[in-house]
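Quick notes on the structure that follows.
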Amino acid sequence: MKPTKNFSHFALGLLVQCLFPVAGLLVIISIITSWGVNEHWGVMATYTILTLVSSFTPIRTLNSPLTLNNAVIFSGIVLYGTWIGVWSALLEIIIISFIFKSKVSRALANSGQVLITVWLVGTLDQFFRTYYPDYWFLTDIGLILVYWLSNTLLAAAGISYFREVSFQVIIKSMLQGGSMTYLLLMAVGEIGARFVGAYEGYSLTILLGTVLLLRSVFHQYFASISDQQKKMEEIKNLNDSFLIALAASIDARDPYTLGHSFRVAHWGRETAKFMGLPPKQSTEVYYGGIIHDIGKIGIEDNILNKEGALSKEEFERIKEHPVIGYEILKRTSVFPELLPAIRWHHERVDGTGYPDKLKGNEIPLIARILAVCDAFDAMVSDRPYRKGMSVEEALRRIQEGAGTQFDAEIAANFVTMIKSLNEEELQKIIRANNRNQEIDVSLTT
Numbered sequence: 001m002k003p004t005k006n007f008s009h010f011a012l013g014l015l016v017q018c019l020f021p022v023a024g025l026l027v028i029i030s031i032i033t034s035w036g037v038n039e040h041w042g043v044m045a046t047y048t049i050l051t052l053v054s055s056f057t058p059i060r061t062l063n064s065p066l067t068l069n070n071a072v073i074f075s076g077i078v079l080y081g082t083w084i085g086v087w088s089a090l091l092e093i094i095i096i097s098f099i100f101k102s103k104v105s106r107a108l109a110n111s112g113q114v115l116i117t118v119w120l121v122g123t124l125d126q127f128f129r130t131y132y133p134d135y136w137f138l139t140d141i142g143l144i145l146v147y148w149l150s151n152t153l154l155a156a157a158g159i160s161y162f163r164e165v166s167f168q169v170i171i172k173s174m175l176q177g178g179s180m181t182y183l184l185l186m187a188v189g190e191i192g193a194r195f196v197g198a199y200e201g202y203s204l205t206i207l208l209g210t211v212l213l214l215r216s217v218f219h220q221y222f223a224s225i226s227d228q229q230k231k232m233e234e235i236k237n238l239n240d241s242f243l244i245a246l247a248a249s250i251d252a253r254d255p256y257t258l259g260h261s262f263r264v265a266h267w268g269r270e271t272a273k274f275m276g277l278p279p280k281q282s283t284e285v286y287y288g289g290i291i292h293d294i295g296k297i298g299i300e301d302n303i304l305n306k307e308g309a310l311s312k313e314e315f316e317r318i319k320e321h322p323v324i325g326y327e328i329l330k331r332t333s334v335f336p337e338l339l340p341a342i343r344w345h346h347e348r349v350d351g352t353g354y355p356d357k358l359k360g361n362e363i364p365l366i367a368r369i370l371a372v373c374d375a376f377d378a379m380v381s382d383r384p385y386r387k388g389m390s391v392e393e394a395l396r397r398i399q400e401g402a403g404t405q406f407d408a409e410i411a412a413n414f415v416t417m418i419k420s421l422n423e424e425e426l427q428k429i430i431r432a433n434n435r436n437q438e439i440d441v442s443l444t445t
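Positions 1 to 445 (the UniProt record's numbering) are the ones given, in order, by the sequence shown.
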């Protein structure tokens with residue numbers, strides 16, 4: 001959800017759209033007298049070629065394209081100073097702005113943040129050369145980290161402002177999206193720069209060859225990883241289909257609870273997301289909801305389909321379904337992470353549930369979430385012997401059971417989440433009786 005345009009957004013806009021471009025302009029002015037085109041035309045020509053090659057031949061990583069431009073810029077700073085880093089950075093910005101047809105405001109902001117990073121690293125490099133010339137290996141590592149940190153933070157600020165997405169979300173995504181690859185490329189740029197500095201002569205040509213070779217190696221590596229991911233995705237889809245078919249077969253045995261598993265799965269996933277759980281955990285809750293009643297396969301039809309209240313003996317038999325389902329899935333040795341959802345979704349936090357009378361946090365989180373969702377769906381769904389109760393009454397009972405039947409925090413989050421939905425959307429989900437309907441009305445997929 002996009003944040004409101006409050007003071008923090010205004011301040012971020014001031015930083016990105018005003019300070020970044022102004023700072024970038026000051027960087028250009030501060031080094032313009034040091035460019036030395038006539039003296040270093042060969043260096044400029046070489047870095048022009050390196051920048052062009054890097055810009056037009058990106059490496060396709062697992063998350064997004066990644067160019068070698070930062071490694072090229074960094075090597076230029078280490079070898080020849082800030083001026084060549086600025087030259088390469090400006091070329092990169094012009095190329096990227098042209099390729100992506102960037103708006104002027106975005107191009108200027110991007111220019112500023114890149115040039116700030118180049119100036120910062122170049123200034124630190126000169127400081128280290130002056131005062132710590134014998135510790136070049138350690139100072140180079142420091143420069144790489146400063147370049148990465150500065151570039152990441154400033155770029156995240158720009159992306160956060162223009163996309164109106166939380167800065168924290170952008171940072172997290174960037175850190176998970178190839179930081180190690182980024183740092184490795186920077187290290188290669190540093191090694192290449194030291195190699196050129198040691199041997200000079202034709203070593204710039206060798207550096208160009210190294211860049212091309214490095215791009216080829218990374219391209220083949222990520223292509224191989226991508227193929228493996230596709231195969232794993234195919235296996236996952238097969239497993240998903242198996243779980244869905246299994247849940248559908250369970251629900252089909254009882255026409256009055258048709259779609260129950262999918263609705264519980266839906267509410268479970270949305271509750272997990274609402275609580276801020278990681279995507280992987282939310283997905284586990286979803287699939288746990290889909291197969292939480294798998295044990296009903298072992299319950300007789302005359303009990304499952306009985307029109308009317310169950311006898312004490314019949315209810316005791318129904319209470320065996322969590323253990324039956326647990327044993328079925330356990331013997332298959334697949335989806336071990338879903339076992340708690342099957343066995344313990346009828347436990348109560350006060351220790352009076354079944355089958356194992358677990359208390360409080362002894363009950364796994366996935367089971368505590370599904371316990372609330374399972375109860376809610378059971379209360380609002382119609383049965384042959386009763387009409388489903390209103391959402392308001394079901395929520396009142398969940399609040400009443402918080403701390404005894406249900407985990408208090410989960411119950412509170414669930415109630416808040418349900419109340420945030422409009423009535424039409426809520427009723428569509430309650431009435432959904434198959435997976436296709438459930439997907440159509442999902443809050444998020």
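The C-beta atom is built at its ideal place from N, Cα and C for all residues, glycine as well.
Less than 8 Å between the CB atoms is what I'm expecting for residue 463 and Ile-291, so what's the real figure, rounded? The question about residue 463 has no answer here: the residues shown for the chain are numbered 1 through 445.
Using the Cβ count rule (16 or more neighbours within 10 Å means buried), how would you classify Tyr-132? exposed
Starting from Lys-359, follow its DSSP beta bridges and name the residues at the other end. Asp-350
How close, in whole Å, do the beta carbons of Val-264 and Asp-356 come, if the pair is a contact with beta carbons under 8 Å? About 20 Å; that fails the 8 Å criterion.
Going along the chain, which unbroken runs of the alpha helix (DSSP H) with 4 or more residues stay wholly within the UniProt domain "HD" (257-379)? 260-274, 279-290, 301-304, 312-318, 321-332, 339-344
By Cβ distance below 7 Å, which residues in the same chain neighbour residue 446 in space, the five residues on each side in sequence not counted? As shown, the chain starts at 1 and ends at 445. That puts residue 446 outside it, with no answer to give.
From Val-22 to Ile-116, what does the alpha carbon distance come to, in whole angstroms? 10 Å
N- and C-terminal bounds of the alpha helix (DSSP H) containing Gln-399: 391-401
Hey, how far is the Cα of residue 497 from the Cα of Glu-284? Outside the shown range of the chain (1 to 445) lies residue 497, about which nothing can therefore be said.
Tell me whether the beta-carbon of Tyr-47 lies closer than 8 Å to the beta-carbon of Gly-76. yes
State the beta-bridge partners of Phe-406 as determined by DSSP. Ala-402
Roughly how many angstroms lie between the CA atoms of Ile-159 and Gly-288, to the nearest whole one? 36 Å
Cβ-Cβ separation, Asp-350 to His-321 (assumed contact under 8 Å), whole Å: Actually they do not touch by this definition, with Cβ atoms about 21 Å apart.
Starting from Arg-125, trace the alpha helix (DSSP H) both ways and give me its first and last residue. Note that residue 125 is Asp in the sequence shown, not Arg. Run containing Asp-125: 104-131, per the alpha helix (DSSP H) assignment.
Quick one: Cα of Leu-426 to Cα of Ser-381, how far? 13 Å
Residues in its own chain within less than 6 Å of Phe-274 by CB, not counting five upstream and five downstream? Asn-413, Met-417
Around the Cβ of Ser-88, are there at least 16 other Cβ atoms within 10 angstroms (buried) or fewer (exposed)? buried
Shortest alpha-carbon distance to Val-169 belongs to which of Ser-54, Gly-276, Leu-108? Gly-276
Which residues mark the beginning and the end of the alpha helix (DSSP H) in which Val-165 is found? Looking at the DSSP string, Val-165 is not in any alpha helix (DSSP H), and its letter there is neither H nor E.
With distances taken between CB atoms, is the gap from Ile-93 to Asn-110 smaller than 8 Å? yes
Taking all protein chains shown into account, decide if Phe-20 is buried (16 or more other Cβ within 10 angstroms of its Cβ) or exposed. buried
Burial state of Asp-134, where buried means 16 or more other Cβ atoms lie within 10 Å: exposed
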